[in-house]
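Below: the structure, in C-alpha cells.
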Amino acid sequence: MAAPAGPGAVVAAPDRRRWLWPLLAAALGLLTAGTSALEVHTPKEIFVANGTQGKLTCRFTSANTTGASTSVSWSFQPEGTDTMVSFFHYSQGQVYPGNYPPFKDRISWAGDLDKKDVSINIENMQFIHNGTYICDVKNPPDIVAQPGHIRLYVVQREVLPVFPVWVVVGTVTAVVVGLILLAGIVLAVFHRRKNSKRDYAGARSSTRS
Ligand SMILES: *[C@@H]1O[C@H](CO)[C@@H](O)[C@H](O)[C@H]1NC(C)=O
Ligand SMILES: *[C@@H]1O[C@H](CO)[C@@H](O)[C@H](O)[C@H]1NC(C)=O
Ligand SMILES: *[C@@H]1O[C@H](CO)[C@@H](O)[C@H](O)[C@H]1NC(C)=O
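Under mature numbering (1 follows the signal peptide of the UniProt record, and there is no 0), the residues of the sequence shown are numbered -37 to -1, 1 to 172, in order.
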C-alpha cells in the first residue's frame, strides 16, 4: 500500500501545482453540479449617475423550461448595513413592485422569461440607492441556486467618465484643422522651393542669353 504512494509522491512533488488545479476544478465542478443546476448571472458591480436610470441585469441558466411558475425576488441591502429588504417580486407573469419607500414608483420590469432574463430598471437613482442588489430566481422544479449579487454605486453625474458630444466634436475638428494646416504649410514650402529653383534657373538662363 505504501509502496505505490512513495514513487507517486516523489513524482508529484516537483509539479504539484500542475495536477492540483485540475483536481480542484473537478472537485468544484462535482460540488456545484451536485448542488445546483440553476445558475444566476449578474454583473459584479455597476455605476449609475444620480438622477439617471439604472438597469439591474440578471440572467439565469436552468435545465427546466421557464413558465408561469418561474419567479424572481429582488432585494436591497443598503451600503454599510446587513439588513436585506425584498422590494420587487415577479411570479405567475405578474409584476409586484411592492411599496418599500426608496423604490416606490421607480421600478419597471425589464426582463424576458423566454430569454431567461429577469432584469429590472430603477428610475431616478439617488445616493440612498447605494448598496447591494440581490437577484433570487426560482424556476421550479429547479430552485437551488446562489442568488446574484450586484454592488451598485450611485455616483455624482460628473464623476462618470462621459465625454460630452461637443468635446468629441471639438477635438476631432481641431485635429482635422491642424492636419489641414500642416499639409498646407508643407505644400506651401514645397511649392516655394520648387518655384525658387525654377526662378533661379530662369534667372540664370536669362543672364546667359
Ligand atoms: C446629483 O447630486 C448632486 C449632488 O447632491 C445634486 O446637486 C444634483 O442635483 C443631483 N442630480 C440629479 C439629477 O438628481
Ligand atoms: C427539469 O429538468 C430536469 C433535468 O433536465 C429533468 O430531469 C426534469 O424532468 C425537468 N422537470 C420538468 C418539470 O421540466
Ligand atoms: C454612495 O456611493 C458614492 C460612491 O461610492 C459615495 O461617494 C457616497 O458617499 C455614497 N453615499 C451614500 C449615502 O452612501
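Even for Gly, the Cβ is constructed at its ideal location relative to N, Cα and C.
Counting only the same chain and skipping the five closest in sequence on each side, list residues whose C-beta sits under 7 Å from that of residue i.
i	result
residue 72	53, 58, 83
residue 139	none
residue 89	13, 117
residue 2	23, 24, 108
residue -1	25, 26, 105
Excluding sequence positions up to five away, which residues of its chain have a Cβ less than 6 Å from the Cβ of residue i?
i	result
residue 22	4, 79, 80
residue 99	36, 110
residue 245	There is simply no residue 245 to check, as the chain begins at -37 and stops at 172 in what is shown.
For residue i, which residues does DSSP report across the bridge?
i	result
residue 84	18, 71
residue 41	94
residue 59	52
residue 23	3
residue 36	52, 99
Any heavy atom of ligand 5 within a distance shorter than 7 Å of the CB on residue i?
i	result
residue 108	Ligand 5 is not part of the structure shown, which contains ligand 1, ligand 2 and ligand 3 as its ligands.
Whose C-alpha, out of the options, is nearest the C-alpha of residue i?
i	options	result
residue 29	60, 158, 56, 108	56
residue 15	-1, 103, 87	87
residue 76	63, 61, 32, 106	32
residue 103	34, 10, 17	34
residue 20	153, 154, 85, 129	85
residue 74	61, 51, 152	51
By Cβ distance, which residues of its chain are closer than 8 Å to residue i, with the 5 residues on each side in sequence left out?
i	result
residue 7	112, 113, 114
Would you call the segment 34 to 46 and the segment 88 to 99 touching, i.e. three or more CB-CB distances under 8 Å?
The way I'd put it, the segment 34 to 46 does touch the segment 88 to 99; three or more beta-carbon pairs between them come closer than 8 Å.
So does the segment 27 to 41 actually touch the segment 140 to 157, counting three or more Cβ pairs closer than 8 Å?
Cβ pair count under 8 Å is below three, so no.
Are the segment 60 to 69 and the segment 110 to 124 touching by the rule of at least three beta carbon pairs closer than 8 Å?
They do not touch, by the three-pair rule.
Length at least 3, wholly inside the segment 108 to 151: the beta strand (DSSP E) runs in chain order
If only uninterrupted beta strand (DSSP E) runs of at least 3 residues are considered, those enclosed by the segment 108 to 151 are 111 to 118.
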